[in-house]
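Notes to accompany the following structure.
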Amino acid sequence: MATHARPTPIGLSPAQLRNRMIVSARRIITEHWPRVDRCPMCGCGWPCTPTVYAYDYLTKVGQGGWAPPEHRGRR
Ligand SMILES: [Zn+2]
């Protein structure tokens, strides 16, 4: 891991910021993952708004097909 002698004003490099966004997007998707065809957090049909935004971001960074590991390929 690289050390940064001069951090950016916001304290994160663009790559770190991007990675942090990916992690939080994945966490949102995991928390809002549908149990029985609906979001357990919002109680509405899936995908709910937070999930849509999270997937919108992941798609932009080329990870639109991401799914929570514990749910992948399981029924
Ligand atoms: Zn939700």
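-16 is the number of the first residue of the sequence shown in the numbering used here; add one for each residue after it.
A virtual CB, placed ideally from N, CA and C, is assigned to each residue, including glycine.
*Given a cut-off of 8 Å, decide if Thr13 and Cys22 are closer than it, judged by their beta-carbon atoms.*
Judged by beta-carbon spacing, Thr13 lies beyond the 8 Å limit of Cys22, meaning their Cβ atoms are not closer than that value.
*Figure out for me which residue from Tyr40, Gly48 and Trp49 has the closest Cα to the Cα of Met4.*
Minimum Cα-Cα distance from Met4 among the listed residues Tyr40, Gly48 and Trp49 corresponds to Tyr40.
*By Cβ distance below 6 Å, which residues in the same chain neighbour Trp49 in space, the five residues on each side in sequence not counted?*
Closer than 6 Å at Cβ, skipping near neighbours: Leu41.
*Whole-angstrom distance between Asp20 and Ala37, CA atom to CA atom*: Taking the straight line from one Cα to the other gives about 18 Å.
*Got a sec: does ligand 3 put a non-hydrogen atom nearer than 7 Å to the Cβ of Thr34?*
With respect to small molecules bound, the structure shown includes ligand 1 and not ligand 3.
*asked:* I'd like the list of long-range same chain contacts for Gln46, defined as Cβ closer than 8 Å, with 5 residues on each side in sequence excluded.
replied: Excluding residues within five positions, the ones whose Cβ falls inside 8 Å are Ile5.
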